[in-house]
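Here UniProt numbering is used: position 65 in the sequence shown is 65, and no number is missing along the way. Here is the structure we will look at.
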Amino acid sequence: MQFDEIDKKLLQYLQEDCKQTTKELSYKLGLSVTAVYERIKKLENSGVISKYVALVDKTKIDKKFLILCHVKLIQHKKEYLMQFEKEVLNLKEVTECFHVSGDYDYILKICLKDMDDYRNFMVTKLTTLQHIASTHSSFTISEVKNTTEIIL
Numbered sequence: 001m002q003f004d005e006i007d008k009k010l011l012q013y014l015q016e017d018c019k020q021t022t023k024e025l026s027y028k029l030g031l032s033v034t035a036v037y038e039r040i041k042k043l044e045n046s047g048v049i050s051k052y053v054a055l056v057d058k059t060k061i062d063k064k065f066l067i068l069c070h071v072k073l074i075q076h077k078k079e080y081l082m083q084f085e086k087e088v089l090n091l092k093e094v095t096e097c098f099h100v101s102g103d104y105d106y107i108l109k110i111c112l113k114d115m116d117d118y119r120n121f122m123v124t125k126l127t128t129l130q131h132i133a134s135t136h137s138s139f140t141i142s143e144v145k146n147t148t149e150i151i152l
């Protein structure tokens with residue numbers, strides 16, 4: 001899909017605050033409300049905008065302990081990969097999961113209350129998944145940058 005400068009600005013504004021009205025956006029973009037509405041619908045229908053969400057402050061809900069957990073499977077068999085991916089989707093503590101290259105097969109981003117919660121998660125959930133050979137965890141000291149905005 002080709003984006004003109006207005007599409008790029010519109011996507012930037014929506015990523016900053018998707019609750020802006022089409023009237024507010026039309027003022028910022030110098031377009032009619034109808035034109036803005038049609039552009040948004042085109043972006044939604046084409047899948048460029050996949051959904052709208054509320055971003056929650058982890059510190060306000062006592063989930064500020066952020067862990068990056070590297071997972072290595074016992075083998076790279078397709079069935080093992082598929083099984084792991086299916087099972088990790090059910091772990092609500094895992095907010096992101098990436099299949100990666102390198103020494104490990106996956107990196108999980110996990111948000112919990114504290115180290116005790118992480119130990120409990122490891123013992124009762126993660127290590128019970130099939131085909132895991134090893135894990136390596138890194139605990140964040142501070143959050144330097146966290147954004148969902150993608151620049152075009």
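Just so you know, even glycine gets a beta-carbon here, dropped at the ideal spot from N, CA and C. Just so you know, these numbers come straight off a predicted model, no measurement behind them.
ask   = Where does LYS58 sit, in a helix, a strand or coil, going by DSSP?
value = Stepping through the sequence shown from its first residue, residue 58 is reached at position 58. Secondary structure of LYS58 (DSSP, three-state): helix.
query = With DSSP run on the structure shown, which of helix, strand or coil describes LYS63?
reply = For this step, residue 63 is matched to residue 63 along the sequence shown. In the displayed model, LYS63 falls within coil according to three-state DSSP, outside both helix and strand.
query = Are the beta-carbon atoms of LEU112 and GLU93 separated by less than 8 Å?
reply = The sequence position of residue 112 within the sequence shown is 112, counting from 1. The sequence position of residue 93 within the sequence shown is 93, counting from 1. In contact: LEU112 and GLU93 (Cβ atoms closer than 8 Å).
task = Rounded to whole angstroms, what's the CA-CA distance from ILE132 to TYR104? Just pull it up for me.
result = Counting from 1 along the sequence shown, the entry for residue 132 is found at position 132. Counting from 1 along the sequence shown, the entry for residue 104 is found at position 104. If I take the Cα positions, the gap works out to 11 Å.
query = Residues bridged to HIS70 by DSSP?
reply = Counting from 1 along the sequence shown, the entry for residue 70 is found at position 70. Beta-bridge pairing links HIS70 to ILE107 and HIS136.
ask   = For VAL94, which of helix, strand or coil comes out of DSSP?
value = Your numbering for residue 94 matches position 94 in the sequence shown. Note: VAL94 maps to strand in three-state DSSP.
query = In three-state terms, what does DSSP make of LEU81?
reply = Counting from 1 along the sequence shown, the entry for residue 81 is found at position 81. Helix.
inquiry  = In the DSSP output, what is LEU112 paired with across the bridge?
reply    = On the sequence shown, residue 112 is found 112 positions in, with the first residue counted as 1. Among the bridge pairs identified by DSSP, LEU112 is matched with PHE65.
task = Answer with buried or exposed for TYR106, where buried requires no fewer than 16 other C-beta atoms within 10 angstroms of its C-beta.
result = Here residue 106 refers to the residue found at position 106 of the sequence shown. Buried, by the Cβ-count rule.
ask   = Would you say THR127 and LEU55 are within 8 Å of each other, going by their C-beta atoms?
value = One-based indexing of the sequence shown puts residue 127 at position 127. One-based indexing of the sequence shown puts residue 55 at position 55. No, Cβ-Cβ distance for THR127 and LEU55 is not below 8 Å.
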